[in-house]
Amino acid sequence: MACTGVLPFVRGVDFTKNDFSSGQFPESVRLMTGVQWLKLDRTGLKEIPEELGKLQKLEHLSLVRNNIERLHGEVTLLPCLRSLNVRHNKVRASGVPPDLFRPDELSSLDLSHNCLREVPEGLDRARSLLVLNLSHNKIENIPNSLFVHLSDLLYLDLGHNCLETLPPQTRRLANLHTLVLNHNPLGHFQLRQLPSLVSLETLHLRATQRAQHNMPQSLEMLTRLADIDLSCNGLASLPECLFTLRSLRRLNVSDNCISEMPSAIDLWQNLETLNVCRNRLTALPASLCRLTMIRRLLLNDNLLDFDGIPSGIGKLSALEVFSAAYNRLEMIPEGLCRCGSLRKLVLRGNRLVTLPDTVHLLTDLEVLDLRDNPGLILPPRPCPSGEDTESSSASHADSTAARLRYYNIDFSLRNQLRLAGAMPPGAPRQSEQGTPAKDAVARKLRLRRGISRGGTAGGGGRDEVDGDQAKILKGMKDVARDNIDAADSGRDQGNRVDSLKPRRWDEALERPPLDYSEFFEEEVKEREGLFVWEVENFLPSPVEEAAIGKFYEGDCYVVLRSTRDLETGGLNRQIFFWIGEKATLDKRACAAIHAVNLRNWLGARCRTQREEMGDESPEFLALFINDDLDDSEDGESSGGIVYVRGGRTPSGFYTVEEASYPTRLYRIHTVGSAVHLEPMAPKSSSLDVGHVFLLDIGKKLFTWAGLKSKNTLRSKARLVAEKIDRNERKNGAEIVTEIAGQESSEFWRILGHEDGMPPAPNSGIPKEEVDNTYVPRGCRLYRVRLGTGYLELPQVEPVAESMLAPGGTFKAPHARPLTPALLASRGVYILDCYADIFVWFGKKSTRLVRAAAMKLCQELFVMIKRPGHALVTRVQEGTETQIFKSKFAGWDDIVAVDFTRTAESVRRTGADLVEWAKRQETKADLAALFAPRQPLMPVAEARALAEEWNEDLEAMEAFVLEGRKFVRLPEEELGHFYSGDCYVFLCRYWVPPGGDDDGVEGNEEVPDDDEEECFQCVVYFWQGREASNMGWLTFTFSLRRKFAGLFGEKLEVVRTHQQQENLKFMAHFRQKFIIHKGKRRNLLDMLIRKEKEKAEQLAAEQARIAEEEAKKETEASATGKGGRAGSKERDGDDDSKEDSSSKDESSISKSGSNSKSGSKEPSAEKELPKMWWEEDTDEDSKLRESPPKETAVEKVEEKKYWFEEDDEETKPEEPPPKQPSVEKKYWWEEDDEEGKSGADGSKGEAERESSAGDADTKDSVVSEGMNGDENEREGSSEQDPSAPFIPRPPSMPKSLEPESEPVVKEVVKEKTPEKSKTPAIYKRPWLISCTDDGVSGVELFHLRSNGGPLCTRCIQINPEASALNSAFCYILKVPFGEGGGVVYIWIGSKSDTDEAGLVEEIAREMYGGEDGLGLQVIHEGSEPENFFWVGLGGRGPYEKDATFMLHSRLFRCSNERGYFTVSEKCSDFCQDDLADDDIMILDNGEQVFLWLGAKCSEVEIKLAFKSAQVYVQHLRAKQPEMPRKLFLTLKGKESRRFSKCFHGWGPHKIALE
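Numbering (the working numbering), first residue to last: 4 to 1556.
Have a look at this one:
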């Protein structure tokens, strides 16, 4: 218990929503002996606490919404009790003691919403009762004696009971003002006592079975009756007695069967609200227009049409709400729009066709509900002459509602066109009006001519310098001429020059934007008296009356004396500022400044007088003359004032002390639609895998996200940390993001692990503890009130919202969060969040209230049981912490408009969207929707651009990822890409000196010294759709490092994905950019296996022949001598054959050496050519040393490129022993055991000798095949001099080329062993791609250009007839089952002639060299049935034109910039541009599709849908001949109309984790 001594002075406390269940009621309440009112609502009490018996001065007790069953005990001991509220409990009649009604002071009793079946005993003895509420019980009878003694009742509520009649003594209640009898079966009760209640003002008879026969005939005696409710009674007409009520103001007859309103309603001249909803009205009487005082007219759910509303309704000048939802209105009278006070117009669910044009004149209209009117067309807004449409006073009546639904974004076409800066048709663009663009290509040609001429550096440089000087002189002359012309025309040139002159430092100072109404109260202007302010932190703070006259020597004060002038009645003022002897400089200066500003704020004409300590003027001392002032022990007296030693207020200057920050751990999660920060104990056991945590240690902020936490909370936690760092730590804190499972040791030390190690896996930390339905404790806001001798601590309730939600449904009354508007600058508040208590000081609060608040906060902290990590924090107005702000809705939200929320969820947080919409306009950028489509690049321009880029390309080398290393890509594969592989292209470009920014006329020359430096190296990394990111990682840590060390700053790395290549890269392939499906390595493995099978078959055949020969020799040896003689002759023949075979073997080995060398020079010792990017290093010089003499093939296989490294050191061993020919190891096989082959990977001499005889024929075929291919290639094709030089590897012999046989799926999926290496001669282009099934082998390639010739690609697609289009060309390969096949070049009837020639050229390069394949060019309509349509799975329908290519546009809707924006993709878009977390808008010329990603938010969907509507509306006005319709499509459910706009459409790419 905190011994502060303030509890006896507390007069009232509100403990609502605290948890006092299970005996947790605070014992310190007994010390509040002076308490007069106490609220214990929703505290979980089951019985009356004993501590209440000590509160002898308690007058008002509230126990609402608890579980109390009995009121016996302490409540009867309260002698001063005047008000008792125990509604929403479980009290029975037996639980109410008769002694409770003995006190004569009890005036208010509320026992509603309990379990009473009868009136409590002894209630009739409470003669002083004024308010009695027994509603929502089960009372069946009212005793006659009750109203005999309770004749002073003012309020009586007996609704929702089982009463069938009332006692006759009810007529004794002559003072009764309010009588509520709702929902009682009073069908036989005649209400004869009703005319006797002459003071009655409110009468509610809802659902009491009222009719004409059980209503009084006249109510003339009830002259004060103003509010009557007869709803839900089944009335067929209005009772006649109602027309005798002359003072009636509110009438509710809803939910009845009334079909006609009588014309006598004009007798209710004071009527303000008329509710006739849910009846059968077909028309309203014309006399309604004479009710000039009516403000609310509710007509929902009737049968009203246009004729049913009187035309003179415009006379209702006071009408504010007109609601006629769900009727039969096709039009509303124009007079309704003449009701100038109309603020809410509800016409939902009607048959409206249009509205009167005068609806735009309703300037005060706040709500216009026109939903569920499908045929409604709003009238155009009138545009006043001479004014802009957007600034006109007339505005759309539904603009407020529409903006609230779309976050205050005006989606009207006119406004969006204005924001986008759209120009009127025919207006010239800025680029057309300016100077023509300089020709960069011409400049490059001039530079190249200068290089070719070999101009000197001196001459060219001198001419260039002279030219620059001439330009500078010319520019200076032009500026001088402009100045002279401006002076002659009369313009003030001197002022313009003076405005550009820099100001001095004192001139640049600006006054701080202070609003002195925040520091000086408004009553100071009108009230006379003495007012004193002290300077505290640069600002004036009022001094309490008890402290006026006491001045601290370390402070400064501002004093105001106001007296009333008897003659004029005005106020005469005197203003002084007093300076203490030991006051700091900032206080002295601020006192003088605030004194002058106080005079200006008051509008006074007096002067400000300076008073110093010990030298005060008599006028100043006369203000404080008081005989009651005594000298203080700590001060001295001077005249009428007292000096006090020391200082009372702090200085405004920053201190050198470092702020200390306690270690806090917050759990971030959602509660409803808000983000909540729940303080937790800073230990590892508090972590939860389903939530995000923020650990604050002052200079470091850690964010930790559980594995099951939401991505939105992770981003919001980061934003919270950034706001804390920026606003509270002055950007001095470090934000650390901890990943679950990879936390730092410092993080675990802070959470209690001294060794810095994470918890053991079996410890269960972190674990999922918090349920998704967990609701944290609510925050309670107290306001500290200080009076003369007492303290009060009431709770501040949020401002009540409108109970009627949009759409007519009622909202829950408890859904009202705290808002910043509840905090007043003059008050001091205590925010109790259970684990955090904040004391908030307003700027205008007094010092005594602040001190009392701190003491009350200490008592409140100890009074309630709290966790060990709970803290008390002081908060000053204007310097609130982010944690404190997070407790209030709409106060400095993490995102101004949270796009993860809906409009309804934001409204449920308590944020006033109407006020927010008035103060803030949400930014949105839709300009891309109104920009013209990107024009197609002309063919001539594309060719010129491609020639320019290829001319600048000096050299290019290509690499492909095989396994874990990048190897050189053979020249034959250049331009062929596989979707499962990664490629690297190293390009060297010539760059003109000085860049391409400025064009220089005349001849330009480049010095010889700079010619070698005029280059740039660009590395393009190409990644297929099906390739993993390991290729990029391998490139980053291998080739990229090597290139960076070689070229340094001249290196640029460009990463590009499939079908997202830039134009410069694609221009190097000259429109032959072919993309295959699958992986390149799969084909090579398949072919190697097939060759292995062939070799095994050949070996088996040789073994069989050898066995047959052995059998023949055995048979021959069994013959006689004749056979022996014959054998000698055969031996001689064999010897001669041996000699000849040895000669043939030597010749074959020589020819094999020449053929395997891959060049015309047979020397095997010749060094391989050095690449242009390789430099002389120690490593490379060692590699270029003369190797031992071997064959050329061995030389090629032994060559180690710089990107290859040996995983293990291999040592040469002795060659293996000679093996039989059947068990020989072929070139595609490797020994599993380590060390069976040399470091060069070649065979031993003994193995080569043993296999020479068996492989005679094969070696010859291999040599001839290689020579033949090489000679044929050299003789047939001629190298283009402009093409970059790329070294050519040896070609694959024809004998090893793949056959056109069906490929089995198991063969394709077989993986090559990890240690296996494929010889370089087998790295050649394999232009056969397998389909997904791996059986058919049918391939279909589609040639298409998106946006221009530079974006031409030939992509392999699924072989289906629906993929064809008459506007394109295709390549179809149909293999035969026994080998061979046919290749069709399909030319569409509407295809381009250039593309037709291009596709034929590509097909011949791809399949022209394969045996058994025939090429056939067919045009659309002449397709053979046997193979063409069979390869496509049968004849089927397909598209006949591609007009969508001229109109296709793709837009991306996103909020990644913090606001909603729409951006357009380039015309060369692809399927991977469909972002999964965004929304795309696709226009194909006929339809507009709204594509929804799987991770897009609800608000993005709403804004994107509205943007698509604006786009369709814009196209209707711009292209009326091509109307579009809006369609919705989801990811994975796209139609053919959608997918045809994307080249090579296939399954969506799966995100790699």
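Just so you know, even glycine gets a beta-carbon here, dropped at the ideal spot from N, CA and C.
* If you pair each beta-carbon of the segment 113-123 with each one of the segment 73-93, do three or more pairs fall below 8 Å? -> Touching, per the Cβ criterion.
* Check each candidate in LEU722, PRO1378, GLY1351 and LYS42 and name the one with the smallest Cα separation from VAL739. => For this step, residue 739 is matched to residue 736 along the sequence shown. The shortest CA-to-CA distance from VAL739 to any of LEU722, PRO1378, GLY1351 and LYS42 is the one to LEU722.
* Asked: Counting along the chain, where does the beta strand (DSSP E) carrying ARG346 start and finish?
  -> Counted from its first residue, the sequence shown places residue 346 at position 343. Counting along the chain, no beta strand (DSSP E) covers ARG346, and no H or E run does either.
* Beta bridge counterpart(s) of CYS1020 as assigned by DSSP -> Sequence index remark: in the sequence shown, residue 1020 carries index 1017 (1-based). ARG991 and LEU1054.
* Report buried or exposed for HIS694, applying the criterion of at least 16 other Cβ atoms within 10 angstroms of its Cβ. => The residue given as residue 694 occupies position 691 in the sequence shown. Buried: at least 16 other Cβ atoms inside 10 Å.
* To do: Report buried or exposed for VAL16, applying the criterion of at least 16 other Cβ atoms within 10 angstroms of its Cβ.
  => Taking the sequence shown and counting its residues from 1, the one referred to as residue 16 is at position 13. Burial of VAL16 is indicated by the presence of at least 16 other C-beta atoms within 10 angstroms of its C-beta.
* LYS770, buried or exposed, once every other Cβ within 10 Å from all chains shown has been counted against 16 -> Position 767 of the sequence shown, counted from the start, is the residue given in the question as residue 770. Classification for LYS770: exposed.
* **Bridge partners - PRO545, DSSP secondary structure assignment** => Numbered from 1 along the sequence shown, position 542 holds the residue referred to as residue 545. Paired residue(s): TRP536.
* Near SER828, which residues of its chain fall below 7 Å by C-beta distance, leaving aside the five closest residues on each side in sequence? -> The residue you call residue 828 lines up with position 825 of the sequence shown. If we look at SER828 and ignore the five residues flanking it on each side, its Cβ neighbours are GLU521, GLY845, LYS846, LYS847 and GLU880.
* **Spatial distance of GLY557 from VAL535 (CA atoms)** => Within the sequence shown, the letter at position 554 stands for residue 557. Within the sequence shown, the letter at position 532 stands for residue 535. Rounded to whole angstroms, GLY557 to VAL535 spans 16 Å at the Cα level.
* Quick one: residues in its chain with C-beta nearer than 7 Å to the C-beta of PHE1430, no 5 flanking neighbours on either side, listed in chain order? => Here residue 1430 corresponds to residue number 1427 of the sequence shown, with the count starting at 1. Non-local C-beta neighbours of PHE1430 in its own chain, meaning closer than 7 Å and more than five positions away in sequence, comprise VAL1377 and VAL1385, ordered along the chain.
* Residue environment, ARG670, which counts as buried when at least 16 other CB atoms sit within 10 Å -> Looking up residue 670 in the sequence shown gives position 667. Result: buried.
* Asked: Assuming ARG346 contacts LEU368 under a Cβ cut-off of 8 Å, what Cβ separation, rounded to an integer in Å, is found between them?
  -> For the purposes of this step, residue 346 is identified with residue 343 of the sequence shown, where counting begins at 1. For the purposes of this step, residue 368 is identified with residue 365 of the sequence shown, where counting begins at 1. 6 Å between Cβ atoms; contact.
* Looking only at its own chain, which residues have a Cβ that is under 6 Å from the Cβ of GLY759, when we skip the five neighbours before and after it? -> The sequence position of residue 759 within the sequence shown is 756, counting from 1. Taken in chain order, the residues that qualify are SER748, TRP751 and ARG752.
* Going by the CB atoms, is the gap between SER202 and LEU179 shorter than 8 Å? -> One-based indexing of the sequence shown puts residue 179 at position 176. One-based indexing of the sequence shown puts residue 202 at position 199. Contact check for LEU179 against SER202 passes: the beta carbons are separated by less than 8 Å.
* **Cβ-based neighbour list, MET940, same chain, cut-off 6 Å, excluding 5 preceding and 5 following** => By 1-based counting over the sequence shown, the position of residue 940 is 937. Excluding sequence neighbours, MET940 sits near GLY1351.
* Rounded to a whole number of angstroms, what is the C-alpha to C-alpha distance between ASN144 and GLU167? -> Counted from its first residue, the sequence shown places residue 144 at position 141. Counted from its first residue, the sequence shown places residue 167 at position 164. Taking the CA atoms as reference points, ASN144 sits about 8 Å from GLU167.
* Asked: How many Å lie between ILE142 and LYS719 at the Cα?
  -> By one-based count along the sequence shown, residue 142 stands at place 139. By one-based count along the sequence shown, residue 719 stands at place 716. If I take the Cα positions, the gap works out to 54 Å.
* To do: On a CA-only basis, which of LEU1477, ILE268, GLU1489 and VAL647 is nearest THR1446? Give me that one, please.
  => Your numbering for residue 1446 matches position 1443 in the sequence shown. When only C-alpha atoms are compared, the closest one is GLU1489.
* **Candidates GLY709, ASP568, GLU570 and LYS553, of which the one nearest VAL562 by Cα** => The residue given as residue 562 occupies position 559 in the sequence shown. Comparing Cα-Cα distances from VAL562 to each of GLY709, ASP568, GLU570 and LYS553, the minimum goes to LYS553.
* To do: Report, in whole angstroms, the separation of the C-beta atoms of ALA229 and SER199, which I expect to be a contact under 8 Å.
  => Residue 229 sits at position 226 when you count from the first residue of the sequence shown. Residue 199 sits at position 196 when you count from the first residue of the sequence shown. Rounded to whole angstroms, the Cβ separation of ALA229 and SER199 is 18 Å, and the two are not in contact under 8 Å.
* Asked: LEU1367 to CYS1544, Cα distance in whole Å?
  -> Taking the sequence shown and counting its residues from 1, one reaches residue 1367 at position 1364. Taking the sequence shown and counting its residues from 1, one reaches residue 1544 at position 1541. Answer to the nearest angstrom: the Cα atoms are 13 Å apart.
* May I have the straight-line CA-CA distance separating ASP1481 from GLY709, to the nearest angstrom? => Here residue 1481 is taken as the residue at index 1478 of the sequence shown, counted from 1. Here residue 709 is taken as the residue at index 706 of the sequence shown, counted from 1. Using only the alpha carbons, I get a separation of about 25 Å.
* Is it a yes or a no for the segment 28-44 touching the segment 56-64, going by three-plus beta-carbon pairs under 8 Å? -> As far as the Cβ criterion goes, the segment 28-44 touches the segment 56-64, which means the pair count is three or higher.
* Asked: Tell me, which residues are paired with HIS672 by DSSP?
  -> In the sequence shown, residue 672 corresponds to position 669, counting from 1. Paired residues: HIS679.
* **Those residues which DSSP pairs with ARG877 across a bridge** => In the sequence shown, the residue the question calls residue 877 occupies position 874. In DSSP, ARG877 forms a bridge with VAL842.
* By a C-beta neighbour count over all protein chains shown, 10 Å radius and 16 as the cutoff for buried, is ILE312 buried or exposed? -> Numbered from its first residue, the sequence shown carries residue 312 at position 309. Buried.
* Asked: Any idea what DSSP makes of GLY295, helix, strand or coil?
  -> Within the sequence shown, numbered from 1, the residue matching residue 295 stands at position 292. A small fix is needed here, since residue 295 is Thr in this sequence, not Gly. THR295 falls in the coil class under three-state DSSP.
* Asked: Skipping 5 residues on each side, what residues in its chain have a beta carbon closer than 6 Å to that of GLU1177?
  -> Taking the first residue of the sequence shown as 1, we reach residue 1177 at position 1174. Note that GLU1177 has pLDDT 49, beneath the 50 cutoff, so the model's placement of it is unreliable and the number below is only indicative. Same-chain partners within the cutoff: there are none.
* CB PHE1018 to CB VAL987, shorter than 8 Å? -> As a position in the sequence shown, residue 1018 is number 1015, starting the count at 1. As a position in the sequence shown, residue 987 is number 984, starting the count at 1. No, the Cβ-Cβ distance between PHE1018 and VAL987 is not below 8 Å.
* Contiguous beta strand (DSSP E) assignments of at least 3 residues, all confined to the segment 1411-1452 -> Listed in chain order, the complete beta strand (DSSP E) runs (minimum 3 residues) inside the segment 1411-1452 are 1416-1422.
* Asked: Does the separation of the CB atoms of LEU1493 and LEU1453 fall below 8 Å?
  -> Along the sequence shown, one-based indexing puts residue 1493 at 1490. Along the sequence shown, one-based indexing puts residue 1453 at 1450. Against a cut-off of 8 Å, the Cβ pair of LEU1453 and LEU1493 comes out as no contact.
* Asked: Taking the C-alpha atoms as reference points, what is the distance between ASN236 and GLN212?
  -> Along the sequence shown, one-based indexing puts residue 236 at 233. Along the sequence shown, one-based indexing puts residue 212 at 209. Rounded to whole angstroms, ASN236 to GLN212 spans 5 Å at the Cα level.
* Would SER131 pass as a contact of LEU161 if the rule is Cβ separation under 8 Å? -> As a working note, residue 131 is residue 128 in the sequence shown. As a working note, residue 161 is residue 158 in the sequence shown. No, they are not a contact pair.
* Does DSSP classify GLN745 as helix, strand or coil? -> For this step, residue 745 is matched to residue 742 along the sequence shown. In this structure, GLN745 counts as coil in the three-state DSSP scheme.
* To do: Decide if LYS1169 is buried, meaning its Cβ has at least 16 other Cβ atoms within 10 Å, or exposed.
  => As a first step, residue 1169 is located in the sequence shown; it is residue number 1166 there, counting from the start. With a pLDDT of only 37 at LYS1169, under 50, the local geometry of the prediction cannot be trusted, and the value read off the model is given with reservation. By the neighbour-count rule (16 or more Cβ atoms within 10 Å), LYS1169 is not buried but exposed.
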